[in-house]
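Asker: Keeping their order, the protein sequence lines are chains A and B.
8 is the number of the first residue of the first sequence in this note's numbering; add one for each residue after it.
54 is the number of the first residue of the second sequence in this note's numbering; add one for each residue after it.
Glycine included, C-beta positions come from ideal geometry on N, C-alpha and C.
This structure is a prediction, so every number in the text was calculated from the model and none was measured.
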Amino acid sequence: MLISLFITCYNDTLFPETGKAVVRVLERLGHEVEFRAAQTCCGQMHYNTGYARDALSIMRHFLRVFDGAEAICIPSSSCVAMIRDHYPKMAAESGDAALRRQVDALLPRAFEFSELLVDKLGVTDVGAHFPHTVTLHTPCHALRALGVRDQPIRLLRSVRGLHLVDLPGESECCGFGGTFAVKNADVSVAMLADKIGCIRETKAEVCAATDNSCLMHIGGGLRRQQTGIRCMHLAEILAGQDGQEGQAVQGGGRKGRAAR
Amino acid sequence: MIRVGDAARAPAFPVAARRALGNAQLRRNVRHATDVIRNKRAVVVAEMSDWQDLRESAHQIKDHVLQHLDVYLEQFEDNCTRAGGRVHWARDADEANRIVIDIIHGHHEREIIKVKTMTSDETGLNAALEAAGIVPYETDLADLIIQLGADRPSHIVVPALHMNRTEIRELFQRTMKLEALGPIGTDPQDLTNAARAFLREKFLRVNVGFSGANFAIADTGSVCVVESEGNGRMCLTLPKILISLVGVEKIIPAFGDLEVFLQLLPRSATGERMNPYNSIWTGIRGGDGPQEFHVVLLDNGRTTVLADEQSRETLDCIRCGACLNACPVYRQTGGHAYGSIYSGPIGAILTPQLQSMQHSTSLPYASSLCGACYEACPVKINIPEILIHLRRRIVEEQGGPLGERLLMKAAALAFADSSRLSIAQKLARAAQWPFKRGGQLSALRGPLAAWTASRDLPAVPAESFRDWWKRLRPDSHEPLRGAKATSNSGGGGAPPR
Numbered sequence: 008m009l010i011s012l013f014i015t016c017y018n019d020t021l022f023p024e025t026g027k028a029v030v031r032v033l034e035r036l037g038h039e040v041e042f043r044a045a046q047t048c049c050g051q052m053h054y055n056t057g058y059a060r061d062a063l064s065i066m067r068h069f070l071r072v073f074d075g076a077e078a079i080c081i082p083s084s085s086c087v088a089m090i091r092d093h094y095p096k097m098a099a100e101s102g103d104a105a106l107r108r109q110v111d112a113l114l115p116r117a118f119e120f121s122e123l124l125v126d127k128l129g130v131t132d133v134g135a136h137f138p139h140t141v142t143l144h145t146p147c148h149a150l151r152a153l154g155v156r157d158q159p160i161r162l163l164r165s166v167r168g169l170h171l172v173d174l175p176g177e178s179e180c181c182g183f184g185g186t187f188a189v190k191n192a193d194v195s196v197a198m199l200a201d202k203i204g205c206i207r208e209t210k211a212e213v214c215a216a217t218d219n220s221c222l223m224h225i226g227g228g229l230r231r232q233q234t235g236i237r238c239m240h241l242a243e244i245l246a247g248q249d250g251q252e253g254q255a256v257q258g259g260g261r262k263g264r265a266a267r
Numbered sequence: 054m055i056r057v058g059d060a061a062r063a064p065a066f067p068v069a070a071r072r073a074l075g076n077a078q079l080r081r082n083v084r085h086a087t088d089v090i091r092n093k094r095a096v097v098v099a100e101m102s103d104w105q106d107l108r109e110s111a112h113q114i115k116d117h118v119l120q121h122l123d124v125y126l127e128q129f130e131d132n133c134t135r136a137g138g139r140v141h142w143a144r145d146a147d148e149a150n151r152i153v154i155d156i157i158h159g160h161h162e163r164e165i166i167k168v169k170t171m172t173s174d175e176t177g178l179n180a181a182l183e184a185a186g187i188v189p190y191e192t193d194l195a196d197l198i199i200q201l202g203a204d205r206p207s208h209i210v211v212p213a214l215h216m217n218r219t220e221i222r223e224l225f226q227r228t229m230k231l232e233a234l235g236p237i238g239t240d241p242q243d244l245t246n247a248a249r250a251f252l253r254e255k256f257l258r259v260n261v262g263f264s265g266a267n268f269a270i271a272d273t274g275s276v277c278v279v280e281s282e283g284n285g286r287m288c289l290t291l292p293k294i295l296i297s298l299v300g301v302e303k304i305i306p307a308f309g310d311l312e313v314f315l316q317l318l319p320r321s322a323t324g325e326r327m328n329p330y331n332s333i334w335t336g337i338r339g340g341d342g343p344q345e346f347h348v349v350l351l352d353n354g355r356t357t358v359l360a361d362e363q364s365r366e367t368l369d370c371i372r373c374g375a376c377l378n379a380c381p382v383y384r385q386t387g388g389h390a391y392g393s394i395y396s397g398p399i400g401a402i403l404t405p406q407l408q409s410m411q412h413s414t415s416l417p418y419a420s421s422l423c424g425a426c427y428e429a430c431p432v433k434i435n436i437p438e439i440l441i442h443l444r445r446r447i448v449e450e451q452g453g454p455l456g457e458r459l460l461m462k463a464a465a466l467a468f469a470d471s472s473r474l475s476i477a478q479k480l481a482r483a484a485q486w487p488f489k490r491g492g493q494l495s496a497l498r499g500p501l502a503a504w505t506a507s508r509d510l511p512a513v514p515a516e517s518f519r520d521w522w523k524r525l526r527p528d529s530h531e532p533l534r535g536a537k538a539t540s541n542s543g544g545g546g547a548p549p550r
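1. Please list the terminal residues of the continuous beta strand (DSSP E) segment that includes V97 (chain B).
2. Which class does H117 (chain B) belong to by DSSP, given the choice of helix, strand or coil?
3. Using 8 Å for Cβ pairs, my map puts S421 (chain B) next to G228 (chain A). What's the rounded Cβ distance?
4. If you draw a straight line from the alpha carbon of Q257 (chain A) to that of D92 (chain A), how long is it in whole angstroms?
5. Give the C-beta separation of D193 (chain A) and R71 (chain B) to the nearest angstrom, bearing in mind that I take them to be a contact with Cβ-Cβ under 8 Å.
6. Identify the contact partners of D88 (chain B) in chain A, using a Cβ-Cβ distance below 9 Å as the criterion.
7. So, helix, strand or coil for D249 (chain A), using DSSP?
8. Answer with buried or exposed for T142 (chain A), where buried requires no fewer than 16 other C-beta atoms within 10 angstroms of its C-beta.
9. Are A401 (chain B) and P417 (chain B) close, meaning C-beta to C-beta below 9 Å?
10. Residues in its own chain within less than 6 Å of A560 (chain B) by CB, not counting five upstream and five downstream?
11. Tell me whether the region 280 to 289 of chain B and the region 329 to 343 of chain B touch, counting them as touching only if at least three CB pairs, one residue from each stretch, are closer than 8 Å.
12. What would DSSP say about T47 (chain A), mapped onto helix, strand or coil?
13. First and last residue of the beta strand (DSSP E) that includes S332 (chain B)?
14. Where do the ends of the alpha helix (DSSP H) carrying C133 (chain B) lie?
15. What are the start and end residues of the beta strand (DSSP E) that includes L143 (chain A)?
16. So, with DSSP's three-state summary, where would you put A117 (chain A)?
17. Can you give the Cα-Cα distance for P527 (chain B) and A45 (chain A), rounded to whole angstroms?
18. Within the chosen definition, does the region 201 to 220 of chain B reach the region 83 to 90 of chain B through at least 3 CB pairs nearer than 8 Å?
19. Does any residue of chain A bring its CB to less than 9 Å from the CB of T386 (chain B)?
20. Chain A partners of E516 (chain B), CB-CB under 9 Å?
21. Got a sec: which bits of the region 179 to 191 of chain A sit with their beta carbon under 9 Å from any beta carbon on chain B, in order along the chain?
22. Is the distance from the Cβ of L166 (chain A) to the Cβ of T140 (chain A) below 9 Å?
23. Whole angstroms is fine: what's the gap from L113 (chain A)'s alpha carbon to Y94 (chain A)'s?
24. How far does the beta strand (DSSP E) with G342 (chain B) in it reach, from first residue to last?
25. DSSP has E551 (chain B) in a bridge; who is on the other side?
26. I believe P23 (chain A) touches W486 (chain B) by the beta-carbon criterion, under 8 Å. Please report the beta-carbon distance rounded to the nearest angstrom.
27. Beta-carbon within less than 6 Å of A307 (chain B)'s beta-carbon, same chain only, minus the 5 sequence neighbours each way: which residues are those?
28. Determine which residues of the region 26 to 51 of chain A have a Cβ less than 7 Å from any Cβ of chain B, and write them out in chain order.
29. Which residues in chain A have a C-beta closer than 8 Å to the C-beta of Q485 (chain B)? List them in chain order.
30. Does DSSP classify L533 (chain B) as helix, strand or coil?
31. When every heavy atom of the ligand MG is checked, does at least one fall within less than 8 Å of the C-beta of L440 (chain B)?
32. Given that I14 (chain A) touches chain B, what residues does it touch there, using C-beta distances under 8 Å?
33. Comparing the C-beta of R490 (chain B) with each C-beta of chain A, is any distance below 9 Å?
34. Just mark A360 (chain B) as buried or exposed, buried being the case when its beta carbon has 16 or more other beta carbons within 10 Å.
35. First and last residue of the beta strand (DSSP E) that includes S264 (chain B)?
36. Using a C-beta cutoff of 9 Å, does D19 (chain A) count as contacting chain B?
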């Protein structure tokens, strides 16, 4: 299958390794990956902070960029939730019938990374090797908006050498919440302290998730407290193979197909 | 004047929250109480195979009522009046308080006994009564604790959850003056006995009872109050005169609709299958119960909320408090931080709307949008959606903070065009160097200082994903065909490179 990667703005900027890992996993499974270079953002930050008009412009751009894509892989559960939950409403509100049709056409083809692997491609064993103790944080958007909870668990359980431990208080928010983390920094940090307490309780070496925004928050706290616990996007764990664990992918595999 | 308690004078949420976070006792109590109710709720909800259908039914009933509120209110008035009740209409808090005071003065009474009524906290009734020379006695145990301590409720259902039994014992000892009882212990039984001795005398003596309503039933003109302590039943049946203050959104069309709500409410509120006391009364009956019954129907901003289609389902709320118990923000701060008698997620959307977005505009941001409230809500109010809608109203009607506006504008420009995003990434990489230490940013200035005060932030790495892709797969880095021609994003299309 030709899979179009929507890297998302913050993964592109801050977590390029996640994108490389996604490419590596998908190509290892025999799929072609394209990267449409005109892509930018889904509009979530603007929308959630109250800047709906800007979000609408960003959505229009997104729809143009991914027009006709066979399947879109998005390694960020909150961005998928933005697209799935809010794009239809924004399109309806715009009164633009063409835009509504574009959104309708997009939705069945946009997948969160673990959802794409498990639900769409029917894969749980991606041939990964990661000999570490891992706990899984389930992002609120994955859990409640997308219903993505079991997919990452099934993928992690199939990783050789990986010991998965349950995270207590799994359904509690880590306190990120986009601009909430800055506007209400004190409460955000108090929520994070609880989350970190739960993670430490697991004695895991790595905290994984399907969303780097939660992990940026959790990881920022774990590092500040010098816990030694690493945060890794699910894709980076799944990309790990014998002798290559955690390493950046240096353009391995077949060449990506030209973007449109 | 439209008023939600003293919320108009409350400090902004982040300020009040910071104060609350420093109170270990409060946080421990809030955590314990919400954990207990959550766990009880989970058990009694799990045993309902049709829980989701019930939620949907309740949502649809409420939605229907709100679309025909005028019809149902008049139907309620007709049926209540026919049964011997007297219906009054109050535009706002002051008008409601005046109506209540006039009724009490009309009978030359100086005291009333009250069942827990959030709506009267909303109108500030107790202060108005006291100013008019009338003494109100709260009879719900927790509300009594709040009243005796001149405190503020911190939860919709369990308003004194921020206090522990030792604090309550001291309060009772100081304020109740129950010499006959001797020193009060900290045992719940001792505390209850003290409250019972204090209240019973009032139940038997005071001639005016006062209540709110959980539901007002249009097709019968009945009012329904559910409670756990029996104090409500006392207030509703013993006095000669009964006054009920009812928000206009409390109307349900038919008696039969209680079937839905009386399954949802107790399970959501206290984790019980049924409330211990369910009182439903219709007008008056000669020789039985109060011989004079008044209903005050209160607007106080509700019709303004009704006018906003995007957020009117806020009025679906049945005040169960399940969203508070589920909310990770509330569970850290407790209710006082919300500056309103309506706290937690529902308070964050209800308070600012009732006040026409004039006050409490920090509340719609007091949420990480995690969605736990929506999941718990028995009438399916999509609170996260409404929070976002209210943020949008703040931005569009009042303008966001200047720094935020500039940042959002700059980001929107970058996101309109990937070449600009690339430039922004390069700028960020250059700007961060004075702050960078071992791949992390630990002490930023400006708005992000709030982040790095307690958390590291990853530095922007040397190469973005798009640059990596371009470097290793140059043949695939082609412009988006046609984007330029069709672009109307305000920032131009994708760049031909």
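Answerer: Well, looking at it:
1. Unbroken run through V97 (chain B) is the alpha helix (DSSP H), 77 to 99; no beta strand (DSSP E).
2. helix
3. Incorrect: roughly 15 Å between the Cβ atoms, too far for contact.
4. No answer about Q257 (chain A) holds up, because its pLDDT of 34 lies below 50 and its placement is not dependable.
5. 5 Å
6. Correct list: empty, because the minimum Cβ distance to chain A is about 11 Å.
7. coil
8. buried
9. yes
10. Residue 560 (chain B) cannot be examined here, being either before or after the span of chain B that is shown, 54 to 550.
11. yes
12. coil
13. 330 to 335
14. 122 to 135
15. 140 to 143
16. strand
17. 14 Å
18. yes
19. yes
20. P23
21. E179, C180, C181, G182, F183, G184, G185, T186, F187, A188, V189, K190, N191
22. The residue asked about is misnamed: residue 166 (chain A) is Val in this sequence, not Leu. No, the pair does not count as a contact, with Cβ atoms beyond the cut-off.
23. 10 Å
24. First-last for G342 (chain B): undefined, no H or E at that position.
25. In the structure displayed, chain B extends from 54 to 550; residue 551 (chain B) sits before or after that span and is not available.
26. Not a contact, Cβ separation roughly 19 Å.
27. D272
28. G26, K27, E41, F42, R43, A44, A45, Q46, T47, C48
29. What Q485 (chain B) touches in chain A: nothing, since even the nearest Cβ is about 11 Å away.
30. Interpretation of L533 (chain B) is limited by its pLDDT of 46, a score under 50 that renders its predicted location unreliable; no figure is taken from the coordinates.
31. Inclusion of the ligand MG in the displayed structure is not the case, the ligand content being empty and no account of it being possible.
32. F518, R519
33. no
34. exposed
35. 261 to 264
36. yes
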